[in-house]
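Heads up: the structure comes next, in structure tokens.
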Ligand SMILES: [Cu+2]
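In our numbering, the protein residues as written are 1 to 139.
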């Protein structure tokens, strides 16, 4: 009788622990993106992406980069820098260099809500200047 009660509590404890892990993972906002060979950011399904983030939320950025017509000597083929639209200033920690293939970055969304733009920082082709996308931070 006593032994049965103990093992029962044990199972409940384990279920609570597993539930806690699931909650923690659900809070990370996964963003999947392609930095393509035609010097465009794309959603995995091909369209022009627009990213909406909650202020301060944890973000996992999974980006697949494909090499364009030119690249940096250090091997990076595209960049990913986040700028505030108001003054074009760069957001700290959101200045990434992309290598060929898929990479993941753990980031934190800006704490100030507003309009941002992601720009490429590697001269990747004559279309490089058009390589950007909108990013909005909501409260
Ligand atoms: Cu570029």
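Note that CB positions come from ideal geometry on N, CA and C, so glycine has one too.
Closer than 7 Å by C-beta to residue i: which residues in its own chain qualify, once you throw out the five before and the five after it? Chain order, please.
| i | result |
| --- | --- |
| residue 94 | 81, 82, 107 |
| residue 128 | 39, 120 |
| residue 52 | 136, 138 |
| residue 96 | 79, 80, 105 |
| residue 103 | 63 |
| residue 89 | 83 |
State the DSSP-derived secondary structure class of residue i, mapped to helix, strand or coil.
| i | result |
| --- | --- |
| residue 32 | strand |
| residue 124 | coil |
| residue 79 | strand |
| residue 129 | helix |
| residue 55 | coil |
| residue 93 | strand |
| residue 134 | strand |
| residue 45 | coil |
| residue 68 | coil |
| residue 73 | coil |
| residue 103 | strand |
| residue 112 | coil |
Report the option in the options whose CA atom is closest to the CA atom of residue i.
| i | options | result |
| --- | --- | --- |
| residue 33 | 27, 61, 56 | 61 |
| residue 38 | 109, 131, 138 | 131 |
| residue 135 | 91, 28, 27 | 91 |
Less than 8 Å between C-beta atoms, sequence neighbours within five positions excluded: which residues of the same chain meet that for residue i?
| i | result |
| --- | --- |
| residue 77 | 35, 65, 66, 67, 68, 71, 98, 99, 100, 122, 124 |
| residue 55 | 109, 110, 111, 112, 113, 137, 138, 139 |
| residue 117 | 82, 83, 85, 132, 133, 134, 135 |
For residue i, which residues of its own chain have a beta-carbon under 6 Å away from its beta-carbon, when the five flanking residues on both sides are left out?
| i | result |
| --- | --- |
| residue 29 | 57, 59 |
I'd like to confirm something about residue i: is its beta-carbon nearer than 7 Å to some heavy atom of ligand 2, or not?
| i | result |
| --- | --- |
| residue 117 | Although ligand 2 was asked about, the structure shown includes only ligand 1 as ligands. |
Taking 8 Å as the threshold, find out whether the region 44 to 56 comes into contact with the region 72 to 91 through three or more Cβ pairs.
no
Three or more C-beta pairs under 8 Å: does that hold for the region 70 to 77 against the region 109 to 116?
no
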